[in-house]
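Undergrad: Residue numbers (UniProt numbering): 1 to 295.
Just so it is clear, CB atoms sit at the ideal spot from N, CA and C, and this is done for glycine as well.
This one's a predicted model, so the numbers in the text were calculated from it and none came from an experiment.
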Amino acid sequence: MFVFVTIILVFVAYTISVKFVYYRYGKLWPRLRNKISTPLYTVGNSNFCPTQVRSSALPRNRENEKPRVTVSETRALFVTAHPDDECMFFAPTVLKLVESRAALYLLCLSTGNYNNQGVQRKRELLDSCAVLGIPSNHVTIIDDKELPDDPAVQWSTALISSLILKHIRNYSISVVLTFDGRGVSGHANHIAIYKTLRHLASAGRLPQGCQIFSLHSISLLRKYLSVLELPVSWLLPSDFCCLIGREEYKRAKRAMLCHRSQLLWFRRLYILFSRYMFVNTFQAITVETKNVKIY
1 MFVFVTIILV
11 FVAYTISVKF
21 VYYRYGKLWP
31 RLRNKISTPL
41 YTVGNSNFCP
51 TQVRSSALPR
61 NRENEKPRVT
71 VSETRALFVT
81 AHPDDECMFF
91 APTVLKLVES
101 RAALYLLCLS
111 TGNYNNQGVQ
121 RKRELLDSCA
131 VLGIPSNHVT
141 IIDDKELPDD
151 PAVQWSTALI
161 SSLILKHIRN
171 YSISVVLTFD
181 GRGVSGHANH
191 IAIYKTLRHL
201 ASAGRLPQGC
211 QIFSLHSISL
221 LRKYLSVLEL
231 PVSWLLPSDF
241 CCLIGREEYK
251 RAKRAMLCHR
261 SQLLWFRRLY
271 ILFSRYMFVN
281 TFQAITVETK
291 NVKIY
């Protein structure tokens, strides 16, 4: 009986903590949105996450320095490996940035043709983006034999670099969001994107003012705690945090359901239990501003 009561009390306390996180985030999000409408990084606070300053990877502006990003300049590029990555992993961020009226672009580096479904998956991706709020003319799907949907194939770093830099320059991108070094699911294609962007950032090949954020990979247990994971994400270090509620979750779910060719039983469980359907936390990648000569 004592054990049962203890379990009930712990569950109630945790439920209250989840509600508290939603409450605090709801109060703080307008302020975070205003940080985009003025500078994204302001003097004395270089962190976009609602918690305290977390990372030295985010440099502060000097007082006499021009703000890096304003709402009219905020142009975010999501770089993904396959159709369905945009909603399976990044839906909370996409929806919050759409709410903030940022211009969103998606660069998907393959058609997802692993099972010869590339044509269908391209259509599904466009349907998903329409649900999320990314215009179809802002979506680029790459179909290149050097970038197959295959974890056993090493993707061309030079080709990925060229594609990303072309997008950043053509669309005046100010923020790039992608996977981290573990790729969330461990997929080699996800990790290849991170390695390429990290190389571009460290080599100083990105345009001045362009910022890079990588999506945190977490443990399997945390990954499938659904909303119960939110207090943990809230407390742990991050540079950028996006959290969505019930109505936005329904929209993210509709986007996932657009990928009909991928709706196997475990994907349906993912929709129900994955914390990535509710929250995204990111780490900033340090961007060097040095000029590099290419020989």
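Given a cut-off of 8 Å on the beta-carbon distance, is the pair residue 189 and residue 149 in contact?
TA: What you label residue 189 is simply residue 189 of the sequence shown in a count that begins at 1. What you label residue 149 is simply residue 149 of the sequence shown in a count that begins at 1. Yes, these two residues count as a Cβ contact at 8 Å.
Undergrad: Using the Cβ count rule (16 or more neighbours within 10 Å means buried), how would you classify residue 266?
TA: Start at 1 with the first residue of the sequence shown, and residue 266 comes out as number 266. Exposed: under 16 other Cβ atoms inside 10 Å.
Undergrad: Can you name the start and end residues of the beta strand (DSSP E) that residue 278 belongs to?
TA: Counting from 1 along the sequence shown, the entry for residue 278 is found at position 278. Premise fails: residue 278 is in no beta strand (DSSP E) and is neither H nor E.
Undergrad: Grab the span of the alpha helix (DSSP H) containing residue 76 for me, first residue to last.
TA: Walking along the sequence shown from the start, residue 76 turns up at place 76. Element bounds for residue 76: not the alpha helix (DSSP H) but the beta strand (DSSP E), 75-80.
Undergrad: Taking residue 181 as the reference, which of 230, 283 and 16 has the closest Cα?
TA: As a first step, residue 181 is located in the sequence shown; it is residue number 181 there, counting from the start. The residue with the shortest Cα to Cα distance from residue 181 is 283.
Undergrad: Compute the Euclidean distance between the alpha carbons of residue 203 and residue 273, then round it to the nearest angstrom.
TA: Here the question's residue 203 lines up with position 203 in the sequence shown. Here the question's residue 273 lines up with position 273 in the sequence shown. Going by the C-alpha atoms only, they are around 39 Å apart.
Undergrad: Could you tell me whether the Cβ atoms of residue 210 and residue 168 are closer together than 8 Å?
TA: Counted from its first residue, the sequence shown places residue 210 at position 210. Counted from its first residue, the sequence shown places residue 168 at position 168. Their beta carbons are under 8 Å apart, which means residue 210 touches residue 168 by this criterion.
Undergrad: Between which two residues does the alpha helix (DSSP H) holding residue 227 run?
TA: Position 227 of the sequence shown holds residue 227. That residue, residue 227, is in no alpha helix (DSSP H); it is neither H nor E in DSSP.
Undergrad: Let me know the secondary structure DSSP gives residue 297 once reduced to three states.
TA: Because the chain spans 1 through 295 in this model, residue 297 falls outside it and cannot be assessed.
Undergrad: Taking the alpha-carbon positions, what's the residue 126 to residue 230 distance?
TA: Residue numbering aside, residue 126 sits at position 126 when the sequence shown is read from its first letter. Residue numbering aside, residue 230 sits at position 230 when the sequence shown is read from its first letter. Roughly 29 Å between the two C-alpha positions.
Undergrad: Mark residue 154 as exposed unless 16 or more other C-beta atoms lie within 10 angstroms of its C-beta, in which case mark it buried.
TA: Here residue 154 refers to the residue found at position 154 when the sequence shown is read from its first residue. With fewer than 16 Cβ atoms within 10 Å of its Cβ, residue 154 is classed as exposed.
Undergrad: Should residue 278 be labelled buried (16 or more other beta-carbon atoms within 10 Å of its own) or exposed?
TA: For the purposes of this step, residue 278 is taken as the residue at position 278 of the sequence shown. Residue 278 is buried by the Cβ-count criterion.
Undergrad: Use the C-beta contact count for residue 244: other C-beta atoms within 10 angstroms, 16 or more gives buried, fewer gives exposed.
TA: Against the sequence shown, residue 244 aligns to sequence position 244. Residue 244 should be labelled buried.
Undergrad: Using a threshold of 8 Å, state whether the C-beta atoms of residue 156 and residue 146 are closer than that.
TA: Working through the sequence shown from its first residue, we reach residue 156 at position 156. Working through the sequence shown from its first residue, we reach residue 146 at position 146. Their beta carbons are under 8 Å apart, which means residue 156 touches residue 146 by this criterion.
Undergrad: For residue 187, collect the residues of the same chain with a Cβ closer than 7 Å to its Cβ; drop the 5 residues on either side in sequence, then sort them by chain order.
TA: Locating residue 187 in the sequence shown gives position 187, counting from the first residue. Within the same chain, residue 187 has close Cβ partners 81 and 151.
Undergrad: For residue 199, count neighbouring C-beta atoms within 10 Å of its own C-beta (all shown protein chains included) and say buried if the count is 16 or more, exposed if not.
TA: If you number the sequence shown from 1, residue 199 lands on position 199. Exposed, because fewer than 16 other Cβ atoms sit within 10 Å of the Cβ of residue 199.
Undergrad: So what does DSSP say about residue 179, is it helix, strand or coil?
TA: Counting from one through the sequence shown, the residue named residue 179 turns up at place 179. Residue 179: strand per DSSP, three-state reduction.
Undergrad: Going by the beta-carbon positions, is the gap between residue 159 and residue 87 smaller than 8 Å?
TA: Within the sequence shown, numbered from 1, the residue matching residue 159 stands at position 159. Within the sequence shown, numbered from 1, the residue matching residue 87 stands at position 87. Cβ atoms of residue 159 and residue 87: not closer than 8 Å.
Undergrad: Within the same chain, show all residues whose beta-carbon is closer than 7 Å to that of residue 89, passing over the 5 residues directly before and after it, in chain order.
TA: Locating residue 89 in the sequence shown gives position 89, where the first residue counts as 1. Same-chain partners within the cutoff: 184, 215 and 276.
Undergrad: Report the partner residues of residue 163 according to the DSSP bridge assignment.
TA: Taking the sequence shown and counting its residues from 1, the one referred to as residue 163 is at position 163. Bridge partners of residue 163: none, in fact.
Undergrad: Going by other Cβ atoms of all chains shown within 10 Å of its Cβ, with 16 needed for buried, is residue 247 buried or exposed?
TA: Position 247 of the sequence shown, counted from the start, is the residue given in the question as residue 247. That one is exposed.
Undergrad: Rounding to the nearest angstrom, what Cα-Cα distance links residue 179 and residue 16 in this structure?
TA: As a first step, residue 179 must be located in the sequence shown, where it is residue number 179. As a first step, residue 16 must be located in the sequence shown, where it is residue number 16. If you draw a straight line from the Cα of residue 179 to the Cα of residue 16, it comes to about 31 Å.
Undergrad: Note down the Cα distance separating residue 304 from residue 233, rounded to an integer number of angstroms.
TA: Residue 304 lies beyond the residue range present for the chain, which begins at 1 and ends at 295; the question has no answer from this structure.
Undergrad: Do you know how far the Cα of residue 242 is from the Cα of residue 281?
TA: Numbered from its first residue, the sequence shown carries residue 281 at position 281. Numbered from its first residue, the sequence shown carries residue 242 at position 242. Their backbone Cα atoms lie some 7 Å apart in a straight line.
Undergrad: Between which two residues does the alpha helix (DSSP H) containing residue 93 stretch?
TA: Mapped onto the sequence shown, residue 93 falls at position 93. 91-99 is the span of the alpha helix (DSSP H), which, as asked, contains residue 93.
Undergrad: Hey, residue 78 and residue 94: beta-carbon distance below 8 Å or not?
TA: Position 78 of the sequence shown, counting from 1, holds the residue named residue 78. Position 94 of the sequence shown, counting from 1, holds the residue named residue 94. Yes, the Cβ-Cβ distance between residue 78 and residue 94 is below 8 Å.
Undergrad: Who are the near neighbours of residue 258 in its chain, counting only those whose CB is closer than 7 Å to its CB and skipping five residues on each side?
TA: Translated into the one-based positions of the sequence shown, residue 258 becomes position 258. Within the same chain, residue 258 has close Cβ partners 124, 127, 128 and 131.
Undergrad: Where does residue 74 land, buried or exposed, given buried means 16+ other C-beta within 10 angstroms?
TA: The residue you call residue 74 lines up with position 74 of the sequence shown. When all chains shown are included, residue 74 counts as buried.
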